[in-house]
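*Asks:* Structure incoming, see below.
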Amino acid sequence: MTEAGTARRRIAAVAGIVALGLCLSATVVVVARTAGSDEAAAKPVASASNLAAEDSDVLSEEQARARDRAQLAAERARLLGLQPPAPADEVAPAPAVTGDVDCAVIKCVALTFDDGPGAQTSQVLAALAEYNAVATWFPLGEMVIDNPDALRAIAAAGHEIGNHSWSHPQLTALREKDVDRQITRTADLIAEVIGVRPTLVRPPYGSVSRRVNGELARLQAPIILWDVDPLDWRYQNTDRVHRSVVRQTKPGSIVLLHDIHRTTVAAVPRILRSLAHRGYTFVTVSALYGNSLQAGRAYTDRRADLGR
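In our numbering, the protein residues as written are 2 to 309.
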């Protein structure tokens with residue numbers, strides 16, 4: 002064979018090897034892309050499963066797939082400028098209820114927030130609005146001084162506002178005139194800020210006595226305590242607060258929370274989602290009792306009333 006012929010054969014062999022390498026590379030890319038697509042397709046299911054586990058409302062594989070299909074349909078509708086359809090298994094937000102509601106017929110719960118308003122109150126309001134939920138707030142006078150706009154936002158959103166004293170003292174350790182001052186000064190300020198004078202009172206620490214109750218009766222104030230306490234001020238852990246509230250809540254419960262704690266604020270959307278999934282309607286304290294609260298009487302929940 003001539004030298005030129007040998008060179009041509011070598012060039013052809015090299016070209017063949019390069020072509021084979023390119024084919025193999027293309028195959029690897031296709032496989033990788035396919036694997037990536039499979040992984041991406043699996044992620045929504047995993048996400049739905051994690052969400053379900055978080056709330057202890059476990060979805061079946063079929064339900065998870067239905068949710069994923071609905072999410073894809075919603076995204077397509079959004080891109081087309083259409084109204085996104087609601088996911089098939091999504092729990093409808095509970096209706097906002099502030100007045101006429103029969104809590105002997107439906108499952109009611111009253112969420113309450115103490116010690117604010119604070120820097121994160123707006124986040125709680127946003128979460129409540131997402132579920133069309135109403136709540137009752139027991140602000141401190143000294144906090145209202147610093148955050149009057151936050152109190153106005155609470156009132157504008159249709160929530161109920163009570164009175165948690167001016168500076169959070171233990172009322173049972175005060176003289177009657179000092180109890181009067183703590184409550185009246187706060188009520189005057191709230192009336193000045195939102196134009197409505199609060200009547201409900203939550204004594205700091207839930208500390209009451211016959212003497213304090215008598216003074217609050219004179220001030221025409223019903224006394225609002227609670228039956229669900231996740232101790233969010235002590236255990237500042239979002240998961241623990243969420244689990245504790247969901248585990249303790251029964252129809253007619255009054256839930257004690259503090260919107261001044263970041264961990265509690267983070268737990269509120271999860272609490273709303275879990276309780277809504279269980280069929281609860283979120284009402285104000287006054288609505289829980291059919292607007293029949295009596296001055297000087299202490300209320301912890303309506304469960305006994307409902308026989309539950």
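In this text, a Cβ means the ideal position worked out from N, Cα and C, and glycines have one as well.
Where does alanine 299 sit, in a helix, a strand or coil, going by DSSP?
*Replies:* Strand.
*Asks:* Spatial neighbours of aspartate 179 within its chain, please: C-beta separation below 7 Å, excluding the five flanking residues on both sides.
*Replies:* Hits under 7 Å: none found.
*Asks:* Got a sec, what are the start and stop residues for the beta strand (DSSP E) valine 256 sits in?
*Replies:* Residues 254-259.
*Asks:* When the Cα atoms are used, what is the spatial distance from leucine 276 to alanine 111?
*Replies:* Roughly 11 Å between the two C-alpha positions.
*Asks:* At which residues does the beta strand (DSSP E) containing aspartate 179 begin and terminate?
*Replies:* Premise fails: aspartate 179 lies in the alpha helix (DSSP H), 177-195, not in any beta strand (DSSP E).
*Asks:* Whole-angstrom Cβ separation of leucine 294 and glycine 253, contact assumed at under 8 Å?
*Replies:* At roughly 14 Å, the Cβ-Cβ gap does not stay under 8 Å, so leucine 294 and glycine 253 are not in contact.
*Asks:* Between glycine 297 and the rest of its own chain, which residues show a CB-CB distance below 6 Å, the 5 nearest in sequence each way excluded?
*Replies:* Asn214, Leu217, Ala218.
*Asks:* Have a look at Ile261, Thr250, Ile224, Ser210 and flag the residue whose alpha-carbon is nearest the alpha-carbon of arginine 176.
*Replies:* Among Ile261, Thr250, Ile224, Ser210, the Cα nearest to that of arginine 176 is on Ser210.
*Asks:* DSSP beta-bridge partners for tryptophan 138?
*Replies:* Answer by DSSP bridge pairing, in chain order: Phe114, Ile162.
*Asks:* Please determine, among Ala154, Asp147, Phe139, the residue with the shortest C-alpha to C-alpha distance to leucine 126.
*Replies:* That would be Ala154, whose Cα lies nearest to the Cα of leucine 126.
*Asks:* Opposite isoleucine 225 in the DSSP bridges: which residues?
*Replies:* DSSP, once it has assigned bridges, lists Tyr300 as partnering isoleucine 225.
*Asks:* Quick one, which of Asp233, Thr282, Arg241, Gln249 has its alpha-carbon nearest aspartate 260's?
*Replies:* Checking every option, the nearest Cα to that of aspartate 260 belongs to Asp233.
*Asks:* Does the Cβ-Cβ distance between valine 194 and proline 149 come in under 7 Å?
*Replies:* Their beta carbons are under 7 Å apart, which means valine 194 touches proline 149 by this criterion.
*Asks:* Nearest-angstrom Cα distance between glutamine 221 and threonine 285?
*Replies:* Approximately 19 Å, taken between the alpha carbons.
*Asks:* Indicate whether glycine 142 and leucine 172 have their beta-carbon atoms separated by less than 7 Å.
*Replies:* Contact flag unset, no.
*Asks:* For glycine 163, does the count of other Cβ atoms within 10 angstroms reach 16, so buried, or fall short, so exposed?
*Replies:* It is buried - the Cβ of glycine 163 has at least 16 other Cβ atoms within 10 Å.
*Asks:* Run through the DSSP bridge pairs and tell me what threonine 173 is partnered with.
*Replies:* Answer by DSSP bridge pairing: none, since threonine 173 is not bridged.
*Asks:* According to the Cβ coordinates, are valine 229 and threonine 250 closer than 7 Å?
*Replies:* Yes. Within cutoff.
*Asks:* Going by DSSP in three states, valine 202 sits in which element: helix, strand or coil?
*Replies:* Here valine 202 sits in strand by DSSP.
*Asks:* Among all the DSSP beta bridges, which residues are the ones paired with cysteine 109?
*Replies:* BP columns for cysteine 109 point to Thr282.
*Asks:* For tyrosine 300, which option in Gly119, Gly207, Val106 has the closest C-alpha, if you only look at C-alpha atoms?
*Replies:* Out of Gly119, Gly207, Val106, Gly207 has the C-alpha closest to the C-alpha of tyrosine 300.
*Asks:* Could you spell out where the alpha helix (DSSP H) holding aspartate 240 opens and where it closes?
*Replies:* Segment 239-249, the alpha helix (DSSP H) holding aspartate 240.
*Asks:* From the DSSP output, in three-state form, read off aspartate 233 for me.
*Replies:* In the structure shown, aspartate 233 sits in coil (DSSP, three-state: anything other than H, G, I, E or B).
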